[in-house]
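Structure first, commentary second.
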Amino acid sequence: AVLDQATNFVAQDDRIRNRELAWQAFIEFPIFGIGPGSFNKYAKEHYVGYEIFEGYLVVNNEPLEVLAEGGIVSAICLLGFALTIIYGLIKIIMQNKTGDNNLWAYTLLSYFIALGIQYQTFSTLYIMHVWVAIGIAMGLIINSESKQLIKAKPKSN
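Using the numbering used here, the letters of the sequence shown correspond one by one to residues 1470 to 1626.
Written as C-alpha cells, this is what we have:
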C-alpha cells in the first residue's frame, strides 16, 4: 500500500479541487486571506460535494494554503522568516569552513530544502518537527552570531 501511494503520480480530484478553491479564496481576499484555519469552512461553503463531509479539509499545498488563509501579508511574513533562517545558515557555512556548526548548517539547510519540496504536495505547517528544526537553526544562528561578535571585539589593555 505504501509503495502504491508513493508511486501514484496521478492527481486526485480532491487535491486539484482544493488547490483551485484555495486560489479562489486568495483571489477573493488577497490582502489578509480568509483567516487562519478557515480553509475547511470555506471549502465546505463553496463546493457542494463537501457540505456533508465530516473530516477536516486542507489544501495539501502549503504556499497556496498560506495565501488563501493569510493573504499576501502572511505569505510575505512567512517567506521573509524562511529567507532569514536560510540566509543565517548560508552565512554560517560561508564563515566557518569546518566544524560542528558547519555540519549542522548544511544538515538544516538540506532539511529545509526538502521541506520546501514536500510543502508543494502536503500541508504540514503545524507539525512539531518543523518548528523544532527551525528552533535548532535559530539557536545555531544566534550562537554563531554571538561568537562572531566576541571575535570582533577589540581587546582592551
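C-beta: ideal position from N, C-alpha, C; glycine also.
Only a predicted model underlies this, so the values are computations on that prediction, with no experimental measurement involved.
From which residue to which residue does the alpha helix (DSSP H) around residue i run?
i       : result
Ile1561 : Glu1531 to Gln1564
Gln1493 : Asp1482 to Glu1497
Phe1508 : Phe1508 to His1515
Looking at the structure shown, is residue i part of a helix, part of a strand, or coil, going by DSSP?
i       : result
Ile1582 : helix
Val1527 : coil
Thr1567 : coil
Compare the Cα-Cα distances from residue i to each of the options and report the closest residue.
i       : options                               : result
Glu1531 : Leu1548, Glu1523 and Gly1524          : Leu1548
Ile1610 : Tyr1575, Ala1583 and Val1599          : Tyr1575
Asp1569 : Asn1612, Tyr1588, Ser1543 and Val1601 : Asn1612
Leu1533 : Ile1619, Leu1578 and Ala1491          : Ala1491
Ile1503 : Ala1537, Tyr1556, Ser1543 and Val1601 : Ala1537
Val1542 : Phe1501, Phe1581 and Lys1513          : Phe1501
Trp1600 : Ile1554, Val1528, Gly1506 and Leu1472 : Ile1554
Is residue i close to chain D, meaning its C-beta is less than 8 Å from at least one C-beta of that chain?
i       : result
Asp1473 : The question asks about chain D, but that chain is absent: this structure has only one protein chain.
Quick check on the burial criterion: 16 or more other C-beta atoms within 10 angstroms. Buried or exposed for residue i?
i       : result
Phe1498 : buried
Gly1608 : exposed
Ala1494 : buried
Asn1487 : buried
Gly1557 : buried
Leu1552 : exposed
Tyr1588 : buried
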